[in-house]
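See structure below.
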Ligand code: GCV
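What follows is the structure, given as structure tokens:
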């Protein structure tokens, strides 16, 4: 072993130096490779980088390669624009490389395809990095660096993306807020303007390019009406300038009423010639400012947005006007299939929001201009924890389509819970719709293979913000990474994707890789278990912030996310035979599977059918027992996240270790809030007890309202199921209030948990004392996502603090002192004292 290798071998064996990382580098950390075998393999890589193309994207590719090789291998490279006679990396397009390598005929590469190849040139070795266009050179460089960082022995490859549209949508508003953004304010906007400092925007484009994403819609689909004013367009052009060197094209969400609101026309009727001319001129204005403009995203006739229905026109008539204006410039229209009536009659058993996409668009198939792409949310409702795929995918056989997924975890824990969404998206992409009675998986429909459509692809709502690590939860970045990788190649497995991400994000230590991969891979199922199993919906507060449990909020309103739960049973009857007929929107082979209770998969049962609580699942369990069991199992698994993560202490840098640990501890507590709320609610409604005797029986729990108190007053909590016993206590202050209780537990070690409410309106402080000696102090300091700005005691704000492994003896006195802060009245729900068991966390 050579001395350099020996040194690095030693480095491999030493635990991670405990420094701090903010997460800003995401998966582009370029950590030094320490594995001796890999170093041996990569030893031959050249230190000269020849960049043939003279454009900012090619320059970025060369600079990125130098940066990556320096970080990963300690290789100090020299840059050149011409090839001399030594070993070198050579970056260029096919035309540029043909000039350099005269013997070779020009390669045919798809515009976004690339080739990384090792070739001999006389006595020298050339590493060819050839991209169909300059952005593809960038993709190639990032792939090469990813392979080195993940110790992949096979550096050579030829790849091309699965589809042309690989975009992200940001739901950012000009004032700097972000609709459903959970990681700080906008990186693009502030105070009605584009930010003067767009450093983060450029960094974001680099991140996007590194996973092959080629477009970014920077403003909310609920588009501000001033979006298309000349002043704003000039400002948007600055964002496009920041994106351009990374090959990311800017696009805009537009409101269809713009000809009227911005252009002051009397109408925005898409069939009015003055409207068509207005769009044409507006598009010309945009392309003068932004020559590589990507196109428009349109939300119309949906959730209060203006749309063609106002004039009795169809979505295709509206989309086509924009499309014709964009055609000469090669721009596209992504018209969203998310069109539905949110004033449905909840008493009408045939009304069904899930039908809306198909009902509004299927009959229009074939009427869209070729540069229109229908952007379809993967499920027919709205990013719930479990939905079937939208039947619209199979219905549009003469129209390009893009699947829309949601990286921003609106219904899946708002980046305060870890939920790795790739397995969910894979489930949608792999669903074989059996259109035309043949194999037509969604991934082949959106990539144009099934029905030979030229455009289409993948869109994800992302909503990164100013938080240093982009999405707030360090684990959430796996979803953005995975989105890009899946859009590039939807055949990648969830295991492959997470394995890459973990290695890039936390290094190659086998224990770290194994632990993080397992944590992430199960997390979708776990979240489903403790929120909304069996396809019933997420069971969150539908008419509020979509975060904590709010079960009944789904019922008896026009939004159409009904559970149809009553004393006897639950679930939406969507059958053709007796229900809303939604199932009949699927091609016959799949419709047959969903229509029959015998073949409908358990995980979609309550989405498709209304059944009695005692209905037996394929597992042999009753529906009600499954609801109880899954909530207890899910919450129990979530409680293992923190200890499993703690086993990586010293192997991950301090900052990301600490931030993740805090979030896992919070998640464990909030998963119990979910568990109890949903289980108690169904118990209350069905009257059927839990066969395991857990629901409604909490023998280790002491209700705050039952404890002797000084200063605290009892209050009702709404909805009742989000507090134990439906009640909590609050301290009106300003003096602290005190709960004191005598314990009679056998001598031993116990975890003492305090369930309290963490509101936005202030910061309360809590002190826990045993026999008057302090054992814990904490502040209710808002672990909550920003959307939770209500000041209520409820399922969003209920939070748990645990003092671990406290030694207790019979007769001990436990005191909880709550000191209100601001409008937060140091609220307490209960105290729970659980014996410590010596179970090792699940692997
Ligand atoms: C941007 C859901 C979200 C809305 C979002 C909408 C959409 O209804 O709650 O915030 O609006 O979807 O996708 O247009």
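Residue numbers (mature numbering (1 follows the signal peptide of the UniProt record, and there is no 0)): -20 to -1, 1 to 823.
C-beta atoms are modelled at their ideal positions from N, C-alpha and C, and glycine is treated no differently.
All values reported here derive from a predicted model rather than from experimental measurement.
Cβ shell of residue i (< 8 Å), same chain only, five flanking positions each side left out
i	result
residue 297	250, 251 and 288
residue 557	575
residue 417	567, 568 and 569
residue 825	With the chain running from -20 to 823 in the structure shown, residue 825 is simply not present.
Cβ neighbours of residue i in the same chain (closer than 6 Å, five flanking residues each side left out)
i	result
residue -20	Interpretation of residue -20 is limited by its pLDDT of 33, a score under 50 that renders its predicted location unreliable; no figure is taken from the coordinates.
residue 713	800
residue -2	633
residue 378	345 and 346
residue 651	510, 615 and 618
residue 241	205
residue 52	10, 13, 128 and 129
residue 119	94 and 192
residue 759	743 and 745
residue 6	187 and 457
Residue i, DSSP secondary structure in three states
i	result
residue -8	Reliability of the predicted coordinates at residue -8 is poor, the pLDDT of 38 falling under 50, and the value obtained from them is presented with this limitation in mind. Residue -8 falls in the helix class under three-state DSSP.
residue 522	coil
residue 386	strand
residue 614	helix
residue 689	strand
residue 634	helix
residue 241	helix
residue 167	coil
residue 175	coil
residue 777	coil
residue 468	helix
residue 724	coil
residue 694	strand
residue 666	helix
residue 88	coil
residue 626	helix
residue 157	coil
residue -1	coil
residue 785	strand
residue 652	helix
residue 599	coil
residue 198	coil
residue 530	coil
residue 702	helix
residue 606	helix
residue -14	Summary for residue -14: the model assigns pLDDT 37, below 50, so the residue's position carries little reliability, and this model does not support an answer.
residue 815	strand
residue 222	helix
residue 36	helix
Residue i beta carbon near ligand 1 (any heavy atom closer than 7 Å)
i	result
residue 362	yes
residue 390	yes
residue 226	no
residue 318	yes
residue 47	no
residue 35	no
residue 202	yes
residue 7	no
residue 160	yes
residue 423	no
residue 283	yes
residue 279	yes
residue 151	yes
Beta-carbon contacts of residue i that lie in its chain and below 7 Å, excluding the five residues immediately before and after
i	result
residue 258	239, 243 and 245
residue 662	604 and 607
residue 75	86
residue 363	357, 386, 390 and 391
residue 544	550, 551, 552 and 590
Open item on the list: What ranges does the alpha helix (DSSP H) occupy inside the segment 405 to 457, keeping only unbroken runs of at least 4 residues that lie completely in it?
Closed with: Counting only runs of 4 or more, we get 422 to 426.
TODO: Could you pull out every unbroken beta strand (DSSP E) segment of at least 3 residues lying fully inside the segment 280 to 327, listed in chain order?
DONE: The qualifying runs are 312 to 316.
Task: Runs of alpha helix (DSSP H) lying entirely within the segment 473 to 521, each at least 4 residues, in chain order - done: Positions of the alpha helix (DSSP H) runs, each at least 4 residues long and wholly inside the segment 473 to 521, are given as 474 to 486 and 490 to 510 in order along the chain.
Task: Every unbroken alpha helix (DSSP H) inside the segment 67 to 151 [4 residues or more] - done: 74 to 80 and 114 to 129, all fully within the segment 67 to 151.
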